[in-house]
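In our numbering, the protein residues as written are 17 to 453.
Below, the structure written as structure tokens:
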């Protein structure tokens with residue numbers, strides 16, 4: 017799983033000071049949140065003689081699904097717009113290339129600077145779409161999802177087109193003779209993290225284990241049945257006695273019955289370690305066992321499981337025909353082994369702390385074409401009376417909350433530096449690419 021958290025250069029739209037047009041943010045490394053102000057300047061080489069300069073603030077999702085058969089490969093793509101606002105920073109009265117931009121003044125670096133300001137909206141604007149379900153939310157007025165990038169892999173190579181992302185970008189454009197087609201475009205990516213969602217549980221909530229076929233957690237607990245639990249068992253018994261015990265019916269052997277669970281907070285902090293405790297419940301044992309047998313851990317593994325749900329229309333974004341799939345990224349937070357001696361003694365309340373959650377683990381979200389959910393999985397390998405067992409004491413949904421992001425207050429709003437236009441034409445909601453052959 018690969019998620020970028022910084023400005024990304026995209027082909028010839030690279031935002032670099034040496035370009036004829038450059039986006040210079042007031043706070044280039046800022047992480048934005050709901051209602052944050054995005055301020056900066058467009059720095060322009062006046063020798064471009066522009067007839068028009070615009071900057072567009074866009075929020076959008078991008079999703080792709082590739083389908084393959086023996087001879088063809090088809091990629092379905094969609095790029096739903098969350099919002100789009102454009103400012104026209106300069107417009108010449110001439111219909112040709114013009115030097116009028118010089119009237120705005122030139123810096124000592126021989127650049128014209130055009131200030132701009134945008135604000136992150138609190139919610140998506142109306143789109144006339146109200147579809148919503150467990151994985152996706154196409155409902156107008158929904159919360160903005162966080163910045164996100166996921167690239168699905170197949171073997172050792174990346175699958176063609178299978179990139180899923182939520183991105184917030186600034187596009188600055190120069191128009192020369194034509195005021196309809198830009199001659200130069202640069203792009204700057206912004207990192208956005210919304211505050212914790214309104215449906216985030218209370219901080220005291222704990223993970224509820226979801227039972228499924230792949231989870232090793234017997235409903236009636238773990239059973240250890242062996243003659244080694246017999247108080248009369250001699251670990252130094254001779255070969256003949258050992259052979260006798262081997263053929264002795266195991267149903268008559270002493271037993272111990274216990275449960276191993278884990279108590280973990282359901283709300284976890286981004287980029288912080290996960291701390292939880294193991295719960296040991298002794299459920300019963302044979303009458304002849306005077307003392308409950310010790311239980312040892314041989315290995316413990318903790319994983320963050322992130323499910324990325326993707327839905328792409330096959331023909332039209334508003335049609336019912338669509339492609340869908342889910343990718344699961346598995347980040348290992350802890351993988352310890354205790355091979356020496358008996359291992360690590362397990363007791364009720366044993367604390368466990370993992371390494372920090374990866375920086376790429378953003379809060380769960382549901383939006384157009386994409387959905388993200390997180391679960392945590394704890395797996396144990398252990399021994400009791402030399403009998404090995406494997407158990408999953410914890411598997412359930414968690415909520416990851418971001419660091420507190422300071423909102424940049426504008427105070428006295430500066431005088432508008434440009435008139436706001438209608439949004440640029442929204443690109444097609446999907447693209448069908450056939451790359452057979």
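The beta-carbon is built from N, C-alpha and C at its ideal position, and this holds for glycine as well.
CB of residue 186 within 8 Å of CB of residue 117, strictly: Numbered from its first residue, the chain shown carries residue 186 at position 170. Numbered from its first residue, the chain shown carries residue 117 at position 101. No, the Cβ-Cβ distance between residue 186 and residue 117 is not below 8 Å.
Cβ pair count under 8 Å reaching 3, the region 374–389 against the region 294–308: no
Rounded separation between residue 320 and residue 391 - CA only: Residue mapping note: residue 320 aligns to position 304 of the chain shown, counting from 1. Residue mapping note: residue 391 aligns to position 375 of the chain shown, counting from 1. If I take the Cα positions, the gap works out to 6 Å.
Range of the contiguous beta strand (DSSP E) that encloses residue 299: One-based indexing of the chain shown puts residue 299 at position 283. Segment 289–301, the beta strand (DSSP E) holding residue 299.
Cβ separation of residue 72 and residue 102, assumed to be a contact under 8 Å, to the nearest whole Å: Here residue 72 is taken as the residue at index 56 of the chain shown, counted from 1. Here residue 102 is taken as the residue at index 86 of the chain shown, counted from 1. About 4 Å; that satisfies the 8 Å criterion.
Euclidean distance between Cα positions of residue 136 and residue 218: Position 120 of the chain shown, counting from 1, holds the residue named residue 136. Position 202 of the chain shown, counting from 1, holds the residue named residue 218. Answer to the nearest angstrom: the Cα atoms are 27 Å apart.
Cβ contact check for the region 209–226 and the region 403–418: 3 or more pairs under 8 Å: yes
Residues of its chain near residue 378, where Cβ-Cβ distance is below 8 Å and the 5 sequence neighbours each way are ignored: Position 362 of the chain shown holds residue 378. Result list for residue 378: 19, 162, 163, 164, 209, 286, 388, 416 and 418, in chain order.
For residue 78, the nearest candidate out of 85, 98 and 88 (CA to CA): Along the chain shown, read from residue 1 onward, the residue named residue 78 stands at position 62. Residue 78 has its Cα closest to that of 98, out of 85, 98 and 88.
Residue from 45, 67, 296 and 62 whose Cα sits closest to the Cα of residue 124: The residue you call residue 124 lines up with position 108 of the chain shown. Minimum Cα distance to residue 124 is reached at 62.
Endpoints, the beta strand (DSSP E) within which residue 38 is located: Stepping through the chain shown from its first residue, residue 38 is reached at position 22. Residues 37–41.
Where residue 207 falls, given that 16 or more other Cβ within 10 Å makes a residue buried: As a first step, residue 207 is located in the chain shown; it is residue number 191 there, counting from the start. Buried, by the Cβ-count rule.
Continuous beta strand (DSSP E) stretch holding residue 346: start and end: Residue 346 sits at position 330 when you count from the first residue of the chain shown. Residue 346 -> beta strand (DSSP E) spans 338–353.
Whole-Å CB distance - residue 373 paired with residue 225, under 8 Å assumed: As a position in the chain shown, residue 373 is number 357, starting the count at 1. As a position in the chain shown, residue 225 is number 209, starting the count at 1. Not quite, the Cβ-Cβ distance comes to about 20 Å (not below 8 Å), so this is no contact.
Close-in-space but distant-in-sequence residues of the same chain around residue 222 (CB under 7 Å, 5 per side omitted): Residue 222 sits at position 206 when you count from the first residue of the chain shown. Excluding sequence neighbours, residue 222 sits near 279, 280, 281 and 282.
Run of the beta strand (DSSP E) containing residue 280, from where it starts to where it stops: What you label residue 280 is simply residue 264 of the chain shown in a count that begins at 1. Per DSSP, residue 280 belongs to no beta strand (DSSP E) and is neither H nor E.
Within 8 Å, strictly: CB atoms of residue 345 and residue 325: For the purposes of this step, residue 345 is taken as the residue at position 329 of the chain shown. For the purposes of this step, residue 325 is taken as the residue at position 309 of the chain shown. No.
Length of the line joining the Cα atoms of residue 166 and residue 376: Mapped onto the chain shown, residue 166 falls at position 150. Mapped onto the chain shown, residue 376 falls at position 360. Cα-Cα distance, rounded: 9 Å.
Where residue 240 falls, given that 16 or more other Cβ within 10 Å makes a residue buried: Within the chain shown, the letter at position 224 stands for residue 240. So residue 240 counts as buried.
Rounded C-alpha distance that separates residue 291 from residue 359: Within the chain shown, numbered from 1, the residue matching residue 291 stands at position 275. Within the chain shown, numbered from 1, the residue matching residue 359 stands at position 343. Taking the straight line joining both Cα atoms gives about 21 Å.
Spatial neighbours of residue 127 in its chain, beta-carbon cut-off 7 Å, leaving aside the 5 residues before and after: Locating residue 127 in the chain shown gives position 111, counting from the first residue. For residue 127, where only same-chain residues beyond five positions count, the Cβ hits under 7 Å are 59, 60 and 61.
Straight-line Cα distance separating residue 52 from residue 425: Counted from its first residue, the chain shown places residue 425 at position 409. Counted from its first residue, the chain shown places residue 52 at position 36. Reliability of the predicted coordinates at residue 425 is poor, the pLDDT of 40 falling under 50, and no value is obtained from them.
Euclidean distance between Cα positions of residue 368 and residue 182: Locating residue 368 in the chain shown gives position 352, counting from the first residue. Locating residue 182 in the chain shown gives position 166, counting from the first residue. For residue 368 and residue 182, the distance between alpha carbons rounds to 34 Å.
Beta-carbon contacts of residue 176 that lie in its chain and below 8 Å, excluding the five residues immediately before and after: Locating residue 176 in the chain shown gives position 160, where the first residue counts as 1. At residue 176, the pLDDT of 48 sits below 50, so the modelled position is not reliable and the matter cannot be decided from this model.
Neighbourhood of residue 313 by C-beta, 7 Å cutoff - its chain only, sequence neighbours within 5 removed: Residue 313 sits at position 297 when you count from the first residue of the chain shown. These residues qualify, in order along the chain: 354, 359, 360, 362, 396 and 398.
Chain-order list of residues whose beta-carbon lies under 6 Å from that of residue 370 (same chain, five-residue window excluded): What you label residue 370 is simply residue 354 of the chain shown in a count that begins at 1. Cβ neighbours of residue 370 beyond the five flanking positions: 289, 290, 318, 349 and 350.
Backbone CA spacing between residue 197 and residue 40 [nearest angstrom]: Locating residue 197 in the chain shown gives position 181, where the first residue counts as 1. Locating residue 40 in the chain shown gives position 24, where the first residue counts as 1. Whole-angstrom Cα-Cα distance: 23 Å.
Under 8 Å between C-beta atoms of residue 467 and residue 311: As displayed, the chain neither begins before 17 nor continues past 453, which places residue 467 out of reach and without an answer.
Of the listed residues 93, 403 and 134, nearest to residue 244 (C-alpha basis): In the chain shown, the residue the question calls residue 244 occupies position 228. Answer by Cα proximity: 403.
Identity of the residues DSSP links to residue 82 by a beta bridge: Locating residue 82 in the chain shown gives position 66, counting from the first residue. In DSSP, residue 82 forms a bridge with 91.
Unbroken beta strand (DSSP E) run spanning residue 209, endpoints: For the purposes of this step, residue 209 is identified with residue 193 of the chain shown, where counting begins at 1. Residue 209 -> no beta strand (DSSP E), and no H or E assigned at all.
Simplified DSSP assignment, three categories, for residue 402: Start at 1 with the first residue of the chain shown, and residue 402 comes out as number 386. Coil.
Exposed unless 16 or more other CB atoms sit within 10 angstroms - verdict on residue 174: Stepping through the chain shown from its first residue, residue 174 is reached at position 158. Note on residue 174: pLDDT 42, under 50, position unreliable in the model; the coordinate value appears next. Residue 174 is exposed by the Cβ-count criterion.
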